[in-house]
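> Please see the structure below; I have some questions.
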DNA sequence: CTTTCGGCGATGCTGCCGCGATGCGCCGCA
DNA sequence: TGCGGCGCATCGCGGCAGCATCGCCGAAAG
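Chains as they are written, first to last, in this note's numbering: chain A, 368 to 588; chain B, 368 to 588.
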């Protein structure tokens, strides 16, 4: 398993590389954005660990360029400033997961494994839960094979819930994911959005856990 | 949610405490490093806000001592000297996040929430005692495999008792854990809650120790 | 301009949770 | 041995938080 680590801070890069190598991966290191893009484009990696603050070309730009070309290799984004808006930006740019600094190496390993496994399981990373299927590349949603039109926000809500299928997601986490700023409970935006998705896809897709959050059941298979 | 604030500057500590309490947390304050270590070691906090410059025992030493003992509670480190080397030092010592002074209270709140959520999602193993199982991801409780619906408070009560299975938990400790506002015994909230959990899960799950507290038996295996 | 989207306030409903009242069992005490 | 105090169980009720739904409107996109 080859992993590309893109990180300009030498000390952090060395730490990550040591950890990954101890876990049995083969690690290539890169510090410059442009160079990183080239290597990710021409060589074959099981995954990329990508820092956002880079010389040459910004990490987000590298990621977007890969995605624009159709490169679908798993990318785990690191960022020093773990604000939610940045996280949304990273995910929107096509990151498979996001890890805010500081992090524990154990967590990096766990998430990296998850990302690789996910990409290995289905080459086309389509999410499915019950009768609902999501094709993230086309941004299309089908229920029992019948396509349904969702607005961008509705799509993001559903995708986030299905990405975390089997887990109760607090409404505050949803609110932060959809629009980073607003923390205080001053609107019912999430509830309205859930209602709209339910009307379009069916009421039984998203389950309400009063006082906890919302839940999309994971496939029993 | 109980938070331990370790900060020797009285004014700053008061500010932080006021902010956290306004956000709904229950705050314990500590100024001495040695004392802070003891409280963090013996009591149950959702997170710790830890200043580095302390009398008695240095903040980093406190943190390292917790980690050396295997205490995994989330720690948010504050420091007046926001140098990068110090930050690395704090992270290496096992801090979950680092916040250089001066900071905005909003940012403290945001990071604290992130730290708590991360620890809740990651470090929550599935609990089991007798026929009762708790799935923290789905916030769901099953008895002999049959799911039972619990309200948030009921869930927290049961989770706390099962986390401390095999130990008699005083009801005052339960009351403080559920919501520390009410100091002295002026209500029977805990007793009512225990009764409701019993009615939903079975009377023999939670045992009463008159005059001492409540007990969930640990698995004999 | 038309249309869609997303946010907001209003309203109603369900069920959570706190509280007082009452009852029961255990203990100490005269 | 009867009595009263204490700790806990149980019940019912009311306030209100949490959520669903509706309708409106400004903004942005086509």
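Every residue, glycine too, gets a C-beta built ideally from N, C-alpha and C. The structure presented is a predicted model; accordingly, all values stated were derived computationally and were not measured.
Looking only at its own chain, which residues have a Cβ that is under 6 Å from the Cβ of residue 428 (chain A), when we skip the five neighbours before and after it?
For the purposes of this step, residue 428 (chain A) is taken as residue 61 along the first chain, with counting starting at 1. Correct list: empty, nothing qualifies.
> Just how far apart, CA to CA, sit residue 386 (chain A) and residue 439 (chain A)?
For the purposes of this step, residue 386 (chain A) is taken as residue 19 along the first chain, with counting starting at 1. For the purposes of this step, residue 439 (chain A) is taken as residue 72 along the first chain, with counting starting at 1. If I take the Cα positions, the gap works out to 25 Å.
> Step through the CB atoms of chain B and report whether any lies within less than 8 Å of the CB of residue 535 (chain A).
Counted from its first residue, the first chain places residue 535 (chain A) at position 168. True, the Cβ-Cβ gap to chain B drops below 8 Å.
> Which word fits residue 493 (chain B), buried or exposed, when buried means at least 16 other C-beta atoms lie within 10 angstroms of its C-beta?
Numbered from 1 along the second chain, position 126 holds the residue referred to as residue 493 (chain B). Burial call: exposed.
> Which term fits residue 316 (chain A), buried or exposed, when burial requires 16 or more other beta carbons within 10 angstroms of its beta carbon?
Since the first residue of chain A shown is 368 and the last is 588, residue 316 (chain A) is not available in this structure.
> Look at the Cβ atom of residue 545 (chain B), then the Cβ atom of residue 520 (chain B), and state whether they are nearer than 8 Å.
Counting from 1 along the second chain, the entry for residue 545 (chain B) is found at position 178. Counting from 1 along the second chain, the entry for residue 520 (chain B) is found at position 153. Yes, Cβ-Cβ distance for residue 545 (chain B) and residue 520 (chain B) is below 8 Å.
> Can you tell me whether residue 441 (chain B) is buried or exposed, with buried defined as 16 or more other CB within 10 angstroms of its CB?
Position 74 of the second chain holds residue 441 (chain B). Residue 441 (chain B) comes out buried.
> Between which residues of its own chain and residue 560 (chain A) is the CB-CB distance below 7 Å, once the five residues before and five after are set aside?
Here residue 560 (chain A) refers to the residue found at position 193 when the first chain is read from its first residue. Correct list, in chain order: 520, 521, 524.
> Taking the alpha carbon of residue 406 (chain A) as the reference point, which residue from A:570, A:371, A:500 has its own alpha carbon closest?
Locating residue 406 (chain A) in the first chain gives position 39, counting from the first residue. Residue 406 (chain A) has its Cα closest to that of A:371, out of A:570, A:371, A:500.
> Under the DSSP definition of a beta bridge, which residues are partnered with residue 575 (chain B)?
Taking the first residue of the second chain as 1, we reach residue 575 (chain B) at position 208. For residue 575 (chain B), which the question treats as bridged, DSSP gives the partners B:581.
> Considering Cα atoms alone, identify which of B:374, B:569, B:391 is closest to residue 424 (chain B).
Position 57 of the second chain holds residue 424 (chain B). Answer by Cα proximity: B:374.
> Below 7 Å between beta carbons is the criterion; list the residues of the region 511-526 of chain B that meet it against any residue of chain A, in chain order.
The region 511-526 of chain B vs chain A, Cβ under 7 Å: 518, 519.
> Using DSSP's beta-bridge definition, name the partner residues of residue 374 (chain A).
For the purposes of this step, residue 374 (chain A) is taken as residue 7 along the first chain, with counting starting at 1. Residue 374 (chain A) pairs with nothing; no bridge assigned.
> If the criterion is Cβ atoms closer than 8 Å, does the pair residue 508 (chain B) and residue 581 (chain B) meet it?
For the purposes of this step, residue 508 (chain B) is identified with residue 141 of the second chain, where counting begins at 1. For the purposes of this step, residue 581 (chain B) is identified with residue 214 of the second chain, where counting begins at 1. No, these two residues do not count as a Cβ contact at 8 Å.
> Would you list, in chain order, the members of the region 566-588 of chain A that have their beta-carbon closer than 7 Å to a beta-carbon of chain B?
Cβ contacts with chain B: 576, 578, 579, 582.
> Do residue 437 (chain B) and residue 422 (chain B) count as a contact pair if the criterion is CB distance below 8 Å?
In the second chain, the residue the question calls residue 422 (chain B) occupies position 55. In the second chain, the residue the question calls residue 437 (chain B) occupies position 70. No; because the gap between Cβ atoms is not below 8 Å, this pair is not in contact.
> Output needed for residue 390 (chain A): all residues of its chain with C-beta closer than 7 Å, excluding positions within five of it in sequence on either side, in chain order.
On the first chain, residue 390 (chain A) is found 23 positions in, with the first residue counted as 1. 476.
> Determine the burial state of residue 513 (chain A): buried for a count of at least 16 other Cβ atoms within 10 Å of its Cβ, exposed for fewer.
Taking the first chain and counting its residues from 1, one reaches residue 513 (chain A) at position 146. Flag for residue 513 (chain A) reads exposed.
> What distance in whole Å lies between the Cβ atoms of residue 533 (chain A) and residue 481 (chain A), which are believed to be in contact at a cut-off of 8 Å?
Here residue 481 (chain A) corresponds to residue number 114 of the first chain, with the count starting at 1. Here residue 533 (chain A) corresponds to residue number 166 of the first chain, with the count starting at 1. Contact doesn't hold; Cβ gap of about 13 Å is too wide.
> Who are the Cβ neighbours of residue 548 (chain B) in its own chain at under 6 Å, not counting the five residues just before and after it?
The residue given as residue 548 (chain B) occupies position 181 in the second chain. In this predicted model, residue 548 (chain B) has a pLDDT of only 49, less than 50, meaning its place in the structure is not dependable; the value taken from the coordinates is given anyway. Once the five neighbours on either side are set aside, residue 548 (chain B) has no close Cβ partner at all.
> Between which residues of its own chain and residue 426 (chain A) is the CB-CB distance below 6 Å, once the five residues before and five after are set aside?
What you label residue 426 (chain A) is simply residue 59 of the first chain in a count that begins at 1. Within the same chain, residue 426 (chain A) has close Cβ partners 417, 418, 419.
> In whole angstroms, give me the CA-to-CA distance for residue 517 (chain B) and residue 563 (chain B).
Here residue 517 (chain B) corresponds to residue number 150 of the second chain, with the count starting at 1. Here residue 563 (chain B) corresponds to residue number 196 of the second chain, with the count starting at 1. So the two alpha carbons sit approximately 9 Å from each other.
> Which residues of chain A have a Cβ atom closer than 8 Å to the Cβ of residue 504 (chain B), listed in chain order?
As a working mapping, residue 504 (chain B) is identified with position 137 in the second chain. Those within 8 Å of residue 504 (chain B) in chain A are 533, 534, 535.
> With residue 513 (chain A) as the anchor, note down where its beta strand (DSSP E) starts and where it stops.
Residue mapping note: residue 513 (chain A) aligns to position 146 of the first chain, counting from 1. Its beta strand (DSSP E) spans residues 513-515.
> Taking residue 577 (chain B) as the reference, which of B:474, B:567, B:538 has the closest Cα?
The sequence position of residue 577 (chain B) within the second chain is 210, counting from 1. Ranking the options by Cα distance to residue 577 (chain B), first place goes to B:538.
> Of all the options B:377, B:402, B:557, which has the alpha carbon lying nearest to the alpha carbon of residue 528 (chain B)?
Residue numbering aside, residue 528 (chain B) sits at position 161 when the second chain is read from its first letter. Minimum Cα distance to residue 528 (chain B) is reached at B:557.
> Based on DSSP bridge pairs, tell me the residues matched to residue 417 (chain A).
For the purposes of this step, residue 417 (chain A) is identified with residue 50 of the first chain, where counting begins at 1. Its beta-bridge partners are A:373, A:444.
> Please confirm whether residue 462 (chain B) has its beta-carbon closer than 8 Å to some beta-carbon of chain A.
Position 95 of the second chain, counting from 1, holds the residue named residue 462 (chain B). Judged by the 8 Å Cβ criterion, residue 462 (chain B) is in contact with chain A.
> Please name the residue in A:586, A:430, A:542 whose C-alpha comes closest to that of residue 402 (chain A).
Reading the first chain from its first residue, position 35 is the one you call residue 402 (chain A). Of A:586, A:430, A:542, the residue nearest in Cα terms is A:430.
> Does residue 527 (chain A) come out as helix, strand or coil in the three-state DSSP assignment?
Residue 527 (chain A) sits at position 160 when you count from the first residue of the first chain. Helix at residue 527 (chain A).
> For the putative contact between residue 526 (chain B) and residue 586 (chain B), defined by C-beta atoms under 8 Å, what is the C-beta separation to the nearest angstrom?
Counted from its first residue, the second chain places residue 526 (chain B) at position 159. Counted from its first residue, the second chain places residue 586 (chain B) at position 219. About 16 Å separates the two Cβ atoms, so there is no contact after all.
> Under three-state DSSP, which class holds residue 519 (chain A)?
On the first chain, position 152 is the one that residue 519 (chain A) refers to. Residue 519 (chain A): helix per DSSP, three-state reduction.
> Between which two residues does the alpha helix (DSSP H) containing residue 543 (chain B) stretch?
Working through the second chain from its first residue, we reach residue 543 (chain B) at position 176. Where residue 543 (chain B) is concerned, the enclosing alpha helix (DSSP H) stretches over 538-546.
> Does the distance from the CB of residue 479 (chain A) to the CB of residue 414 (chain A) come in under 8 Å?
Position 112 of the first chain, counted from the start, is the residue given in the question as residue 479 (chain A). Position 47 of the first chain, counted from the start, is the residue given in the question as residue 414 (chain A). A contact, by the Cβ cut-off of 8 Å.
> With a 10 Å radius around its C-beta and 16 neighbouring C-beta atoms as the bar for buried, classify residue 394 (chain A) as buried or exposed.
Taking the first chain and counting its residues from 1, one reaches residue 394 (chain A) at position 27. Buried, since its Cβ has 16 or more Cβ neighbours within 10 Å.
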